[in-house]
Amino acid sequence: MKKISRRRFLDASSAAGAVAALTTATSDPAPEFPEYPDDGTAEPRADRITIAGIHRPQSLDPGLATDSETERIIRQIFEPLIGIDQNTGSFEPLLAQEWEVSDDELTYTFTVRRNVLFHDGSELTAETVVENFQRWGRLDFLYGFGNISQSVPLAFPTVFGGFMDAEECVLESVEAADDRTVVLTLREPVVYLLQALTLPAFGIASAQVLVDSDPGLASRSPVGTGPYELIETDTEDNSQLRLRAFPQYWDGAEGPEEVIVHPLPRSFDRLRELQRGQVDIYDLITVDNLRSLVQSGRMILQRDPFSILYMGFNLDHPVMSDITVREAAARAVNRPQLVQEIFLEGSRPAYQFTPAALSVHSDTAQQYSYSPTEAADLLAESEYDGEPLDFYYPISTTRSYLPRPEAVFAAIAADLTAAGFTIRPKPVRWDDGYVDQVMGDSSRALHLLGRNGGFRSPHAFLSPLFGQATREFNFDDADLVDLLNEARGESEEEARAELYRETADLIQERLPALPLAYPISGLALNSRVTDYPMSPVLNERFQEIRLNDM
């Protein structure tokens, strides 16, 4: 996570080569967000910037944040106790001015900053922090048991092992010792706790919107301490989100006075608006647009790879419950070719679920290297009789881990078909509830999905996917859960790394999903932008953006 002057750029000649090598493929309860008229707000102004995003946030309740587009906005409005150093990637003080950890790593004492105001004018206190923790620990109750946990696991139960008062939850209590001191007491150590508390899901909201009888108020009226606040409006004919610098921000807001986030799911639309001068930043560029960007002289920046794309299996499906069939599918997919032809240069094939930067790869884990002959043989040995298998994939979207979902699906489906599988495509628009539809279809056989790492620990990848029973894979393995729980409390680094390697071995042996790629993601800037706070964990706070005319 470095400034532009110290970052690597995509090489123009390599980009052009990647474009030339690309294989063509077939393409192409929610909160009420403010709407804006087409009133010329995209016109360049010294105090305003427009970012071409992907989708509107699913919710502006920090505790419910699970996707990168939601987290992008939440990071601007809310702040957690712990921040991330933009230069080193290490954690640093934010709303917590300082903290102490007991020798047994069971007690964390945070000192909250003085003179920090929420956007509604109320003051940050230790009691407000406590109310937020208690609310995150009760979200399953507030929103109705099962309603918010049926798709993607939330941050609180993932980090602490479960919701408050559940037997598996390791957070024993959170208390305000005085108006500036918060004490967290654990039943068992959580060695990555400080890193995890940097997640936008732990953004502190004003006590005024933490209303048990109306849990959706925190999303409808997002009030945090962040450098930007959401501007309200009554119009209903545009989907853009407009953020305005909070004049009483405790650390000062040096960035643009106003930031417009314009959701454009299709990569071509984001490129067009950048080239027309209607947006300043085009995020999640794709290989098929590189040539136009290079030819127009755009500055292109890339994030270090910190996400995973995978193909998931539904182990409740009568065919996919057979490990031989899953192994056949794993052998059928040509991951090196997939990455070379569809992803940005610098992306790598994935054979485990943690990026190499975390240094916990196992040398003994099964890789399932590409072998169409072995795939066909395995399939012939199984009881699969050629029945169509529903394969879900998103359309009309771009994700940090899945830049061109239609092309990725087409390539994988071709490989599986060549091995003897009969694939029935199930395309679903992301905005039509792709994740919920995937989880809700019991007849689903396969699907495409991924995860971006929220903090620098293998737990950020492994625990949400395999640390508890989920509807995604219908896979609940007690041995995996035990390994991850043991790693959660292991303070010795190498012993902890070995536990993660054992976890990788077990995941690859049981094969609930197939890792496909560690993608590079990047963005393109127009000439107005001189600095953008790139971050592999997407900790990209807009007040760090710098413009020529600021």
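Going left to right, the sequence shown walks through residues 687 to 1236 as the numbering used here numbers them.
Note that CB positions come from ideal geometry on N, CA and C, so glycine has one too.
This structure is a prediction, so every number in the text was calculated from the model and none was measured.
1. Taking the alpha-carbon positions, what's the residue 756 to residue 1019 distance?
2. Who are the Cβ neighbours of residue 641 in its own chain at under 7 Å, not counting the five residues just before and after it?
3. Cutting at 7 Å between CB atoms, please list the residues of its own chain near residue 754, excluding the five before and the five after it.
4. My understanding is that residue 823 touches residue 857, with C-beta atoms under 8 Å, so please give their C-beta distance in whole angstroms.
5. Using beta-carbon positions only, say whether residue 735 and residue 942 come within less than 8 Å of one another.
6. Looking at the unbroken alpha helix (DSSP H) that takes in residue 1120, where does it start and where does it end?
7. Quick one: what does DSSP say residue 1051 is sitting in, helix, strand or coil?
8. Does the pairing of the stretch 998-1007 with the stretch 1175-1183 give three or more beta-carbon distances under 8 Å?
9. Under 8 Å between the Cβ atoms of residue 792 and residue 872?
10. State the DSSP-derived secondary structure class of residue 713, mapped to helix, strand or coil.
11. Using a 10 Å radius around the Cβ and a threshold of 16 neighbouring Cβ atoms, would you call residue 1144 buried or exposed?
12. Identify whether residue 1044 lies in helix, strand or coil by the three-state DSSP scheme.
13. Name the one or two DSSP bridge partners that residue 997 has.
14. Count the other CB atoms, across all protein chains shown, that sit within 10 Å of the CB of residue 1038; report buried if there are 16 or more and exposed otherwise.
15. Starting from residue 769, trace the alpha helix (DSSP H) in both directions and tell me its first and last residue.
16. Since residue 1094 contacts residue 1151 with CB under 8 Å, what's their CB separation in whole angstroms?
17. When the Cβ atoms of the stretch 734-750 are set against those of the stretch 974-986, are three or more pairs found closer than 8 Å?
18. Count the other CB atoms, across all protein chains shown, that sit within 10 Å of the CB of residue 818; report buried if there are 16 or more and exposed otherwise.
19. Quick check on DSSP: helix, strand or coil for residue 1116?
20. So residue 936 is in the alpha helix (DSSP H); what residue range does that whole segment cover?
21. Can at least three beta-carbon pairs, one atom from the stretch 1077-1084 and one from the stretch 947-959, be found at a separation below 8 Å?
22. Can you tell me where the beta strand (DSSP E) with residue 783 in it begins and where it stops?
23. Check whether the stretch 849-866 touches the stretch 804-812, counting contact only when three or more Cβ pairs, one atom from each stretch, lie closer than 8 Å.
24. From the DSSP output, which residues share a beta bridge with residue 859?
25. Unbroken beta strand (DSSP E) runs of length 3 or more, entirely within the stretch 731-780: which are they?
26. Could you check what DSSP says for residue 708 in three-state terms: helix, strand or coil?
27. So residue 946 is in the beta strand (DSSP E); what residue range does that whole segment cover?
28. Tell me the rounded alpha-carbon separation between residue 801 and residue 927.
29. Please look up how many angstroms separate the CB atoms of residue 1227 and residue 762, rounded, as I've assumed it's under 8 Å.
In terms of the structure at hand:
1. Here residue 756 refers to the residue found at position 70 of the sequence shown. Here residue 1019 refers to the residue found at position 333 of the sequence shown. Between residue 756 and residue 1019, the C-alpha separation is close to 31 Å.
2. The requested residue 641 is not part of the displayed model; the chain covers only 687 to 1236.
3. In the sequence shown, counting from the first residue as 1, residue 754 sits at position 68. The answer, listed in chain order, is 1086, 1138, 1224.
4. Counting from 1 along the sequence shown, the entry for residue 823 is found at position 137. Counting from 1 along the sequence shown, the entry for residue 857 is found at position 171. Contact holds; Cβ gap of about 7 Å.
5. Residue mapping note: residue 735 aligns to position 49 of the sequence shown, counting from 1. Residue mapping note: residue 942 aligns to position 256 of the sequence shown, counting from 1. Yes, these two residues count as a Cβ contact at 8 Å.
6. Counting from one through the sequence shown, the residue named residue 1120 turns up at place 434. Residue 1120 -> alpha helix (DSSP H) spans 1120-1126.
7. Your numbering for residue 1051 matches position 365 in the sequence shown. Looking at residue 1051 - three-state DSSP - the assignment turns out to be coil, as it is neither helix nor strand.
8. These segments do not touch.
9. Within the sequence shown, the letter at position 106 stands for residue 792. Within the sequence shown, the letter at position 186 stands for residue 872. Going by C-beta atoms, residue 792 is nearer than 8 Å to residue 872.
10. Taking the sequence shown and counting its residues from 1, the one referred to as residue 713 is at position 27. No answer about residue 713 holds up, because its pLDDT of 34 lies below 50 and its placement is not dependable.
11. Locating residue 1144 in the sequence shown gives position 458, where the first residue counts as 1. Looking at its Cβ environment, which holds 16 or more other Cβ atoms inside 10 Å, residue 1144 is buried.
12. By one-based count along the sequence shown, residue 1044 stands at place 358. Here residue 1044 sits in helix by DSSP.
13. Residue mapping note: residue 997 aligns to position 311 of the sequence shown, counting from 1. Residue 997 pairs with 1134, 1200.
14. Position 352 of the sequence shown, counted from the first residue, corresponds to residue 1038. So residue 1038 ends up on the buried side.
15. Residue mapping note: residue 769 aligns to position 83 of the sequence shown, counting from 1. Here residue 769 belongs to no alpha helix (DSSP H); instead the beta strand (DSSP E) covers 768-770.
16. Residue 1094 sits at position 408 when you count from the first residue of the sequence shown. Residue 1151 sits at position 465 when you count from the first residue of the sequence shown. About 19 Å separates the Cβ atoms of residue 1094 and residue 1151, ruling out a contact at the 8 Å cut-off.
17. no
18. What you label residue 818 is simply residue 132 of the sequence shown in a count that begins at 1. Per the 10 Å Cβ criterion, buried.
19. For this step, residue 1116 is matched to residue 430 along the sequence shown. Helix, per DSSP.
20. For the purposes of this step, residue 936 is taken as the residue at position 250 of the sequence shown. Premise fails: residue 936 is in no alpha helix (DSSP H) and is neither H nor E.
21. yes
22. The residue you call residue 783 lines up with position 97 of the sequence shown. From DSSP, the beta strand (DSSP E) with residue 783 extends over 782-787.
23. yes
24. Position 173 of the sequence shown, counted from the start, is the residue given in the question as residue 859. DSSP lists 871 as partners of residue 859.
25. 734-739, 768-770, 777-779
26. If you number the sequence shown from 1, residue 708 lands on position 22. With a pLDDT of 28 at residue 708, under the threshold of 50, the modelled position of that residue is not reliable, and the figure given next carries that caveat. Coil at residue 708, not helix or strand.
27. Here residue 946 corresponds to residue number 260 of the sequence shown, with the count starting at 1. Note, residue 946: beta strand (DSSP E), 944-949.
28. In the sequence shown, the residue the question calls residue 801 occupies position 115. In the sequence shown, the residue the question calls residue 927 occupies position 241. Approximately 28 Å between the Cα atoms of the pair.
29. Your numbering for residue 1227 matches position 541 in the sequence shown. Your numbering for residue 762 matches position 76 in the sequence shown. The pair is a contact, with the Cβ atoms about 7 Å apart (cut-off 8 Å).
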